[in-house]
Amino acid sequence: MKFFSAIDRYIFRLVLMPMLGIFLLAASLLVLDKMLRLFDFVATQGGPVGVVFKMLANLLPEYASLAIPLGLMLGILLAFRKLATSSELDVMRAVGLSYTRLLRVPYILTILFVGLNFAIVGYLQPLSRYYYEELNYELKSGALGASIKVGEFTALKDRIALRIDESRDDGRRLIGIFARVANAKGQVLSISAQEGQFLALQGAPDTVILRLKQGQIIQDMPGSTPRVLSFTNHDLPIDLPQIEKFRQRGGEDREYLLPELLKLGWNDQLTREQRVSSQANFNYRMVEVIMMLLLPLLAVALAIPPKRSTSSLGLFVSIVLVVAYHKVNQYAADVAALGKINPILGLWGPFCLLAVLIVWMYYRVAYVPGGQAIGWLEKAAESVTKRLKSLLRRRRRGPILPAPVEQS
8 MKFFSAIDRY IFRLVLMPML GIFLLAASLL VLDKMLRLFD FVATQGGPVG
58 VVFKMLANLL PEYASLAIPL GLMLGILLAF RKLATSSELD VMRAVGLSYT
108 RLLRVPYILT ILFVGLNFAI VGYLQPLSRY YYEELNYELK SGALGASIKV
158 GEFTALKDRI ALRIDESRDD GRRLIGIFAR VANAKGQVLS ISAQEGQFLA
208 LQGAPDTVIL RLKQGQIIQD MPGSTPRVLS FTNHDLPIDL PQIEKFRQRG
258 GEDREYLLPE LLKLGWNDQL TREQRVSSQA NFNYRMVEVI MMLLLPLLAV
308 ALAIPPKRST SSLGLFVSIV LVVAYHKVNQ YAADVAALGK INPILGLWGP
358 FCLLAVLIVW MYYRVAYVPG GQAIGWLEKA AESVTKRLKS LLRRRRRGPI
408 LPAPVEQS
């Protein structure tokens with residue numbers, strides 16, 4: 008007997024396409040939502056547009072760790088829902104194929120994605136989070152070459168005020184330049200020029216040259232008459248502010264790799280607060296990955312609608328359940344990091360409760376004749392739907408008018 012039968016290949020095709028589609032859709036929505044905020048943030052800081060895509064690339068592992076479980080569960084759920092609504096599942100059950108046997112391919116996919124998500128959560132995501140924070144820091148500090156905003160005054164080194172009317176050729180040509188330079192002796196230079204450009208100075212990375220063309224310099228000294236000079240070319244050296252290097256990786260627990268968290272969490276040389284925080288983050292990552300092993304059971308339990316029904320309530324309940332559990336884990340990890348609850352109890356306790364609920368729901372569907380995981384909820388939803396339809400029909404009907412009276 009072949010390990011992969013024709014039915015297994017058929018189920019694989021049914022699961023694969025919705026799973027990949029939902030994964031891409033979820034990741035795209037998360038990226039687009041963040042992209043708008045990053046564009047606004049980068050524009051406010053005056054940084055280059057290219058840094059937005061670098062920051063988004065560093066956020067992809069975090070979004071993938073959320074989209075992979077959701078795509079896996081919904082892919083399996085939609086595949087079994089199609090089998091159930093087309094009566095193919097009844098035929099498979101009639102020839103002796105149990106739900107457990109039909110879950111062979113979904114569980115193979117689940118194990119593969121568990122390994123992938125473990126690598127993302129344990130190793131790739133901490134590194135990408137650190138690089139994201141580094142880009143964020145460099146953008147705020149100007150290390151990425153934050154541009155001078157056109158039409159606004161920009162202060163440099165507390166002694167130079169610079170304003171540019173227009174920027175062309177990606178900043179290589181500046182039009183309408185005004186600069187005010189002051190020194191410790193009280194001398195003030197007011198410089199205006201038709202155009203200019205920034206030039207790098209070899210051997211002095213902390214200084215740039217602003218080469219100005221066709222302008223005037225008004226030199227004002229305390230107690231003396233101002234002098235006006237015209238120039239064709241003038242080089243104005245500008246000292247760049249010193250930028251501190253970004254901190255080393257590990258400023259936050261989520262920047263540590265899993266082996267590092269394991270060492271820190273049970274290191275007696277560290278303070279209790281550091282150990283508890285590392286333990287909370289370690290258990291949070293592990294429980295998020297292990298929970299994926301329950302998703303095929305949950306998907307099958309909620310994919311089978313009642314007989315002679317095409318209700319999609321199970322799809323809605325599955326999304327709410329997974330998202331709510333993720334939020335509970337986040338809250339428990341935050342509280343455990345503060346030392347208010349035991350990390351193992353706070354994170355593995357909800358997991359055990361969810362596991363018991365999912366196993367019970369799967370047992371109801373797979374081993375109880377005619378059993379439904381959320382049958383009571385289906386009945387309640389059906390009752391509410393009928394009531395709403397009845398109210399809508401009444402509103403559509405016109406008012407009941409009295410019968411006309413015959414005139415004699």
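Residue numbers in the sequence shown follow our numbering, run continuously in steps of one, and reach 415 at the last position. Don't be surprised by glycine CBs; every beta carbon is placed ideally from N, CA and C.
Checklist entry - Taking C-beta to C-beta, are Arg170 and Ala189 nearer than 8 Å? => result no
Checklist entry - Taking the DSSP output, what are the residues bridged to Asp246? => result Thr214
Next on the checklist: Quick check: what's the CA-CA separation for Ser316 versus Thr92?
Outcome noted: 8 Å
Checklist entry - Tell me, which residues are paired with Phe87 by DSSP? => result In DSSP, Phe87 forms no bridge with anything.
Item to check | Anticipated Cβ contact below 8 Å, Ile118 with Val22, distance rounded | outcome: Wrong, their Cβ atoms sit about 14 Å apart, outside the cutoff.
Next on the checklist: Given this structure, state the Cα-to-Cα distance separating Leu268 from Asn288, to the nearest angstrom.
Outcome noted: 8 Å
Checklist entry - Just curious, the alpha helix (DSSP H) that Val283 is in, first and last residue? => result Arg279 to Ile297
Checklist entry - Is the CB-CB distance between Phe253 and Glu159 below 8 Å? => result no
Checklist entry - Any idea what DSSP makes of Gly158, helix, strand or coil? => result coil
Checklist entry - Which residue or residues does DSSP assign as beta-bridge partners of Arg180? => result Arg175
Next on the checklist: The beta strand (DSSP E) that contains Val195, what's its start and end?
Outcome noted: Val195 to Ala207
Item to check | Assigned secondary structure, Leu398 (DSSP; H/G/I helix, E/B strand, else coil) | outcome: helix
Item to check | Whole-angstrom distance between Trp273 and Leu134, CA atom to CA atom | outcome: 22 Å
Next on the checklist: Considering only the alpha carbon of each residue, which of Thr392, Arg282 and Ile297 lies closest to Ser318?
Outcome noted: Thr392
Next on the checklist: Need the endpoints of the alpha helix (DSSP H) that Arg100 sits in, please.
Outcome noted: Glu95 to Ala101
Checklist entry - Whole-angstrom Cβ separation of Asp242 and Arg279, contact assumed at under 8 Å? => result Not quite, the Cβ-Cβ distance comes to about 59 Å (not below 8 Å), so this is no contact.
Checklist entry - Does DSSP classify Gly356 as helix, strand or coil? => result helix
Next on the checklist: I need the straight-line Cα distance from Leu151 to Glu145, nearest angstrom please.
Outcome noted: Bear in mind that the predicted position of Leu151 carries a pLDDT of just 48, short of 50, making it unreliable; the figure below should be weighed with that in mind. For Leu151 and Glu145, the distance between alpha carbons rounds to 6 Å.
Checklist entry - Can you tell me whether Ile18 is buried or exposed, with buried defined as 16 or more other CB within 10 angstroms of its CB? => result buried
Checklist entry - How would you call Ser35, buried or exposed, if buried means at least 16 neighbouring beta carbons within 10 angstroms? => result exposed
Next on the checklist: Per DSSP, what are the beta-bridge partners of His241 in this structure?
Outcome noted: Leu219
Checklist entry - Among Ala387, Met99 and Arg292, which residue has its Cα nearest to the Cα of Glu69? => result Arg292
Checklist entry - In chain order, which alpha helix (DSSP H) runs of at least 4 residues are fully inside the segment 111-150? => result 111-126 and 132-148
Item to check | Limits of the alpha helix (DSSP H) - the one that Phe11 falls within | outcome: That residue, Phe11, is in no alpha helix (DSSP H); it is neither H nor E in DSSP.
Checklist entry - Are the beta-carbon atoms belonging to Leu85 and Pro25 less than 8 Å from one another? => result yes
Checklist entry - What separation, rounded to the nearest whole angstrom, lies between the Cα atoms of Ala13 and Ser105? => result 16 Å
Checklist entry - So, helix, strand or coil for Asp275, using DSSP? => result coil
Next on the checklist: If the criterion is Cβ atoms closer than 8 Å, does the pair Pro233 and Ile224 meet it?
Outcome noted: no
Next on the checklist: What does the Cβ neighbour count give for Ser72, buried or exposed, with the cut at 16 atoms within 10 Å?
Outcome noted: buried
Item to check | Rounded straight-line distance, which links the Cα of Val283 to that of Val335 | outcome: 18 Å
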